[in-house]
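Colleague:
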Amino acid sequence: MNEGIRKSLIAISASMSVLSGVLWKVSAESQLRLLENLTPENYKSFAILSANENLWAAYFAAGAGVTLAVAVFFET
Numbered sequence: 001m002n003e004g005i006r007k008s009l010i011a012i013s014a015s016m017s018v019l020s021g022v023l024w025k026v027s028a029e030s031q032l033r034l035l036e037n038l039t040p041e042n043y044k045s046f047a048i049l050s051a052n053e054n055l056w057a058a059y060f061a062a063g064a065g066v067t068l069a070v071a072v073f074f075e076t
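The UniProt record's numbering numbers the first residue of the sequence shown as 1 and each following residue consecutively.
1. For a quick check, are the C-beta atoms of S27 and S50 less than 7 Å apart?
2. For S20, collect the residues of the same chain with a Cβ closer than 7 Å to its Cβ; drop the 5 residues on either side in sequence, then sort them by chain order.
3. Would you report the Cα separation of K25 and G4, rounded to the nearest angstrom?
4. To which residues of the same chain is Q31 closer than 7 Å at the C-beta, ignoring the five residues directly before and after it?
5. If you count every other CB in all the chains shown that lies within 10 Å of the CB of E53, and 16 or more means buried, which is it?
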């Protein structure tokens, strides 16, 4: 039972880590693309988009860390 829980937590953690990386990549690509044509009018929208993508990436990274920490308790 504990082994199954531990493996599930590790899989969840790995998935969260991948999602975090993807979101940071998307955020960086968006920043590079939008900075080429950034105007004062669209700066606020760009900043909000970038901040939201980074925030979700941080949530997934934190979730990955928490699930890995919990998985340690289920080691046999």
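Beta carbons: idealized from backbone N, C-alpha and C, even for Gly.
Modeller: In short, the structure shows the following:
1. In terms of Cβ geometry, S27 and S50 form a close pair [threshold 7 Å].
2. These residues qualify, in order along the chain: A57, F60, A61, A64.
3. Straight-line Cα distance between these residues: approximately 32 Å.
4. Closer than 7 Å at the Cβ level, and outside the excluded window around Q31, lie S50.
5. With a 10 Å radius around the Cβ and a threshold of 16 neighbouring Cβ atoms, E53 comes out buried.
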